[in-house]
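Going by the working numbering, the residue at position 44 of the sequence shown is 27; the numbering climbs one at a time, nothing skipped.
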Amino acid sequence: MAFYGVSEGTCEAEEAFTGLASFCHPKFDGRKTSSGEVYSSYAFTAAHRTLPLGSVLLVTNPKNGKRVVVKVNDRGPWRKNRVVDLSLIAAKALGIEEAGVNSVRIEVIRWKKR
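And the structure:
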């Protein structure tokens, strides 16, 4: 199975949870994230309040089954009812950019090189 933003390899979930996802506006392009990386709405990244920076997440839209792999490189979201902020490209890949906020399943994964 192919996923957006993924190189070849297999993955195993270490932790999973569900909640609401939103996405970061492109106006933040070029600003530094909490990890020190520069934010790009065209990179497969995410913001999470507590997961370690550099964590890799498999995010699934339960409404359409679309999946995307993102790296946590920032902190947020700062609205209490949301669990993750995605980059614009990740939101588009999941089909949630029109709604703005959508329920998602998140699996914290690690990669095993083949």
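Glycine included, C-beta positions come from ideal geometry on N, C-alpha and C.
Are residue i and residue j touching if we call contact CB-CB under 8 angstroms?
i: T28; j: R88; result: no
i: F0; j: A74; result: no
i: A(-4); j: I72; result: no
i: L34; j: V84; result: no
Closest by CA to residue i, which one among the options?
i: R32; options: G59, E90, E80; result: G59
i: E81; options: H8, V53, E(-2), R62; result: H8
i: V104; options: D68, V84, R62, A76; result: Because the chain here runs from -16 to 97, residue 104 falls outside it and cannot be looked at.
Assign residue i to buried or exposed, taking buried as 16 or more other Cβ atoms, counted over all protein chains shown, within 10 Å of its Cβ.
i: T16; result: buried
i: V21; result: exposed
i: N56; result: buried
According to DSSP, which residues form a beta bridge with residue i?
i: G2; result: V87
i: L41; result: V52, E90
i: L69; result: F6, A29
i: D57; result: A30
i: K15; result: V21
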